[in-house]
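There are 2 protein chains.
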Amino acid sequence: MWDEGFIAVDWGTTNRRAWRIDGDRVMGEFADDLGFTSVPAGGFPAAVAGIRARLGDLPLLMSGMVGARGGWVPAPYLPCPLDLDTLVAGLVRLEDERAFIVPGASYEEGKRADVLRGEETQFFGAVAAGLCGTDALICHPGTHNKWALLEGGRLTRFRTVMTGEMFNLLKHGSLLKAWLETEATPGAPFAEGVAQGWEGRALTADLFTVRARVLLGSLQEYEVASFVSGLLIGADLRTGLSDLPQGEVVVMGRGALTRLFSAALTQVGRPNREVDGEEAFLAGARAITERLS
Amino acid sequence: MWDEGFIAVDWGTTNRRAWRIDGDRVMGEFADDLGFTSVPAGGFPAAVAGIRARLGDLPLLMSGMVGARGGWVPAPYLPCPLDLDTLVAGLVRLEDERAFIVPGASYEEGKRADVLRGEETQFFGAVAAGLCGTDALICHPGTHNKWALLEGGRLTRFRTVMTGEMFNLLKHGSLLKAWLETEATPGAPFAEGVAQGWEGRALTADLFTVRARVLLGSLQEYEVASFVSGLLIGADLRTGLSDLPQGEVVVMGRGALTRLFSAALTQVGRPNREVDGEEAFLAGARAITERLS
């Protein structure tokens, strides 16, 4: 049924994006802020009907937080190591039989535990489309940055660092909030933050130091956002890179945040290149539906 | 003019507490949530008149954030090392000539910078009243936990860790917020958090692990608040104790948070004892006004 074209939805917590895919082509798309938390109880069938009204009455493949607890129908977290065939076998088919939710992935090692949803589609898509090799170290910046290791085309381990969420928490409620409205940019204050975060001192101490430095005059107010962004990303890199092997890092995503991570990786001496996250997602949706046909 | 009794105010960001002091006795007191940020521009004289209407028409000594930028009249941060006589010499006298604001303290070392306001009164008060020795390592839990080193009765260095603020940020806006309404208590989940925070891994990674562990079933929802409290306090101790010499720690404050820090210190092998923060504040106010008489 997928041969006639289908709709792929990247359905996150606070927004969603949908594409009508026909072979190699994208025939239509839209994005809005109807994330899964903004859909009322029992409202998913109507939300899906709305997507079809805009893009066509086609089969639907959904990925992301839409499969989480509190979403529509919970889709499992499949344990690592995970390959594409196992992911496809774990798809959750919905009542209308023309809509599927992609499972998430989990990783556990002792008391460490991790989960993801949505990024799996991009990771397997990047491999399928040759955007990255079957052995790759991926950094996927976002609200919850994901570091993922692919070995032989399988997702073998990954780790989440809530860098984006922490920046947002600090921006909306902290002692630094007035200074975090500025957009963070690469440059000297960002690089100084990266160096300090990479050293791995305590974040809750370093963040207060930012305020004290502004009060005492050794940091300017307009430098705070870039410095704090660097501090969080530096700590993030320390976590992600300490856990994973040497070599080139694939920075997967789009936009300003991706460029900041790329700049920070270069600063700490790790070769890296950017891969477009949307291209990877579309490739993943195609790779999954090809296995369903 | 202080011999007839005076009013001491511990005036913080979000609340304040005032005492009418007559020699060794407290003749009246009150606490409310009129912190310095809730006083409108130009409203401090009226706020002070309100305090006097409740406690008596007496000289006033104010300590804390009331002296910060955006407060009434900015009081300086006096650099460490700082002694009580220098603090008293730096008092800011207000227009009505019967009201004084206690300066804060600052510490700078390279790119590290730190400030405090209000705690200095407690530190010098504790020494003056013999609640701690002239050489002491103090841990002062709160929104911004302060680690302070006293040497020969002088405040020689200190460090702030924003443990309380981080817990509040996580409680009000993070992916963990639903689970942080529970009160944190000492016990196994707290101790596990302390151990993990003390190891000093990256907080932004460890916090996401908490969510993943709940989703995957290795941590119970009701354990999250205590675990996260332990995680933050463990990281806090690592910062504070790495920076300061061995020996007994004086935990200054009051209530549940003070007991959590004490439990965590005991867990990581540091002897400690609690000193009542209010008693220290009142002793500090007396010590300052005695030098003004």
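Top to bottom, those sequences are chains W and A. Mapped onto our numbering, the consecutive letters of the first sequence carry residue numbers 1 to 293. Mapped onto our numbering, the consecutive letters of the second sequence carry residue numbers 1001 to 1293. Backbone N, C-alpha and C fix where the C-beta goes; we use that ideal spot for every residue, glycine too.
Closer than 7 Å: residue i CB and nearest the ligand FMN heavy atom
i	result
Val26/W	Ligands in the displayed structure: none, and consequently the ligand FMN is not present.
Beta strand (DSSP E) segment containing residue i, residue limits
i	result
Phe1036/A	Neither: Phe1036/A is in no beta strand (DSSP E) and is coded neither H nor E.
Trp1011/A	Phe1006 to Trp1011
Glu120/W	Careful: Glu120/W lies outside any beta strand (DSSP E), inside the alpha helix (DSSP H) at Glu119 to Ala128.
Leu1061/A	Leu1060 to Ser1063
Gly253/W	Val249 to Gly253
Leu1116/A	Arg1112 to Leu1116
Leu1137/A	Ala1136 to His1140
Leu78/W	Tyr77 to Pro79
Residue-chain proximity (residue i, chain W), Cβ-Cβ < 8 Å
i	result
Ile1065/A	Looking at the sequence provided, one finds Met at residue 1065/A rather than Ile. False, the Cβ-Cβ gap to chain W never drops below 8 Å.
Met1062/A	no
Leu1087/A	no
Arg1112/A	yes
Thr1239/A	yes
Asp1003/A	no
Asp1033/A	no
Ala1129/A	no
Thr1156/A	no
Gly1294/A	The requested residue 1294/A does not occur in the structure, where chain A is confined to residues 1001 to 1293.
Phe1270/A	Looking at the sequence itself, residue 1270/A is Arg, so the reference to Phe does not match. So no, Arg1270/A is outside the interface.
Glu1183/A	no
Ala1202/A	yes
Leu1169/A	yes
Residue i - DSSP class collapsed to helix/strand/coil
i	result
Pro1045/A	helix
Glu1095/A	coil
Val1102/A	coil
Pro189/W	helix
Leu1155/A	strand
Val284/W	Sequence check: residue 284/W is Gly here, not Val. In this structure, Gly284/W counts as helix in the three-state DSSP scheme.
Leu219/W	coil
Thr14/W	coil
Thr182/W	coil
Thr1160/A	strand
Arg69/W	coil
Gly277/W	helix
Leu149/W	strand
Gly28/W	strand
Asp1057/A	coil
Arg270/W	coil
Beta-carbon gap between residue i and residue j smaller than 8 Å
i	j	result
Val1210/A	Val1228/A	yes
Asp276/W	Arg254/W	yes
Ala287/W	Phe124/W	yes
Ser293/W	Asp57/W	no
Leu1082/A	Arg1154/A	yes
Ser1106/A	Tyr1077/A	yes
Phe1190/A	Ser1226/A	yes
Val127/W	Trp179/W	no
Phe100/W	Leu55/W	no
Phe1006/A	Pro1059/A	yes
Pro271/W	Leu137/W	no
Leu1087/A	Pro1103/A	yes
Asp1135/A	Gly1152/A	yes
Ile1233/A	Thr1163/A	yes
CB contact check: residue i to chain A, cutoff 8 Å
i	result
Met252/W	no
Val161/W	yes
Val115/W	yes
Leu149/W	no
Ala225/W	no
Ser218/W	yes
Leu207/W	yes
Leu180/W	no
Arg213/W	yes
Extent of the continuous alpha helix (DSSP H) run through residue i
i	result
Val210/W	Leu203 to Leu216
Lys171/W	Thr163 to Gly173
Asp1085/A	Leu1084 to Ala1089
Asp1236/A	Val1224 to Ser1242
Val259/W	Note that residue 259/W is Arg in the sequence shown here, rather than Val. Unbroken alpha helix (DSSP H) run through Arg259/W: Ala256 to Gln267.
With 16 other Cβ atoms within 10 Å as the buried cut-off, status of residue i
i	result
Gly1142/A	buried
Gln1122/A	buried
Lys1111/A	exposed
Pro1320/A	Limits of chain A in this structure are 1001 at one end and 1293 at the other, which puts residue 1320/A out of reach.
Val214/W	buried
Lys177/W	exposed
Phe1167/A	buried
Thr1258/A	buried
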